[in-house]
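All letters in the sequence shown, in the order written, are residues 728 to 1015 by the numbering used here. By construction, the Cβ of each residue, glycine as well, lies at the ideal position given by its N, Cα and C atoms. Values in this document were obtained by computation on a predicted structure and should not be read as measured data. Each remark here refers to the structure printed beneath this line.
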Amino acid sequence: MATLTQVEMNIVNGNAGLPVIQVEDVHKYYDLGETKVHALRGVNLTIEPGEFVAIMGSSGSGKSTFMNMLGCLDKPSSGKYLLEGTNVAQLDKKQLAEIRNRKLGFVFQGFNLLSRTTALENVELPTLYARLDKAARQARAREVLEMVGLGDRLDHFPSQLSGGQQQRVAIARALVNRPAILLADEPTGNLDSRTSVEIMQIFQTLNDTGLTIVLVTHEPDIAQYAKRIVVFRDGKIRRDELVKQRPRAAEVLKTLPQVDENDAELAEINDVAVLPVTIETATLNEAR
Ligand SMILES: Nc1ncnc2c1ncn2[C@@H]1O[C@H](COP(=O)(O)OP(=O)(O)O)[C@@H](O)[C@H]1O
Ligand SMILES: [Mg+2]
């Protein structure tokens, strides 16, 4: 068994040559007093560095439960989960927070941005844990916002941004601590089809640079942009296939009509899209 220092070294340095994610015979039960929900029923999955995996499956099939486990927001009831070789079950609360912060970036359907905070400040927030001075933290936040095409929107508040722009802020926030893995649960669930492809373009570009991505989606069109599709049913993996001839989002975008991001109608959609945010933010904070 690894000593505590080895575990901590792993968290900091990663473990070259190992899969980023190794899941072995994982089960998850939710205990609801009289009844138990068996949400994951013997899941095995290995994800290597640089993979781009789309997880699909109907509602209730266990996708979010699985993602929460990958994101160290929840632990399996039985079975093993190794994150870059580190057995997550061995970690205490502080180490879990550290591993989440260093290795994982999260993107959710509801963006989860703080509404009275600018794009730049939203993205800067996770860097508070990093040992960097204010100027370095701001420079990093600016850099990732530029990377997602929002260099000219740094001082905008979420309500002044379209849904797609808000999701790009959320992606920048997920990237600011330079994670090894990006985890995204239905990131295009609140977006129109062109904007969804724009988000997939960002993901493909990030993946091209070596970032490992795991994305949950129920849309087959979106899943096609990944390199590998894993399908869940009733808490088990039923299919696991490589995508043949995956489309390049950048090429597909050339064939889709432009949408005016300042469109009044879009602004209305944004207001609706912001609604589910509070609950997920609360869950996230609690988990931290
Ligand atoms: N916190 C929870 N407490 C109890 N049951 C839950 C909880 N979260 C999910 N479940 C149940 O676990 C199963 C899988 O849910 P989930 O992972 O959210 O599926 P999906 O994301 O694929 O829709 C469902 O039957 C769901 O009702
Ligand atoms: Mg879900």
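Go through its chain and collect everything with a Cβ distance to residue i's Cβ below 6 Å, but skip five positions before and after it.
i           : result
residue 916 : 836
residue 823 : 799
residue 820 : none
Could you spell out where the beta strand (DSSP E) holding residue i opens and where it closes?
i           : result
residue 764 : 762 to 774
residue 930 : Run containing residue 930: none in the beta strand (DSSP E); it sits in the alpha helix (DSSP H), 920 to 935.
residue 966 : 963 to 969
residue 755 : 748 to 759
residue 834 : 831 to 835
residue 942 : 939 to 943
Should residue i go down as buried or exposed, given a rule of 16 or more other Cβ atoms within 10 Å for buried?
i            : result
residue 900  : buried
residue 937  : exposed
residue 965  : exposed
residue 764  : exposed
residue 912  : buried
residue 1022 : The question about residue 1022 has no answer, for the chain in this structure spans 728 to 1015.
residue 868  : buried
Taking the straight line between their C-alpha atoms, what separation do you get for residue i and residue j?
i           : j           : result
residue 875 : residue 895 : 6 Å
residue 781 : residue 806 : 22 Å
residue 751 : residue 779 : 20 Å
residue 759 : residue 890 : 36 Å
residue 768 : residue 882 : 46 Å
residue 787 : residue 757 : 13 Å
residue 946 : residue 923 : 10 Å
residue 933 : residue 754 : 31 Å
residue 862 : residue 903 : 14 Å
residue 910 : residue 852 : 18 Å
Who are the near neighbours of residue i in its chain, counting only those whose CB is closer than 7 Å to its CB and skipping five residues on each side?
i           : result
residue 954 : 778, 779, 969, 970 and 973
residue 746 : 773, 774 and 775
residue 830 : 810, 811, 906, 907 and 908
residue 880 : 846, 888 and 892
residue 849 : 840, 841, 896 and 900
residue 795 : 801
Got a sec: does ligand 1 put a non-hydrogen atom nearer than 7 Å to the Cβ of residue i?
i           : result
residue 757 : yes
residue 769 : no
residue 876 : no
residue 766 : yes
Within a Cβ cutoff of 8 Å, which residues of the same chain sit near residue i, ignoring the five residues on either side of it in sequence?
i           : result
residue 926 : 891, 894, 895, 898, 914, 915 and 918
residue 816 : 802, 803, 807 and 808
Can you name the start and end residues of the alpha helix (DSSP H) that residue i belongs to?
i           : result
residue 912 : Note, residue 912: premise wrong, no alpha helix (DSSP H); beta strand (DSSP E) at 908 to 912.
residue 854 : Unbroken run through residue 854: none, as it is neither H nor E.
residue 807 : Per DSSP, residue 807 belongs to no alpha helix (DSSP H); it is in the beta strand (DSSP E), 805 to 810.
residue 982 : 976 to 982
**Q.** Beta carbon shell of ligand 3 at less than 6 Å from a heavy atom
**A.** With respect to ligand 3, the structure shown offers nothing to examine, as its ligands consist of ligand 1 and ligand 2.
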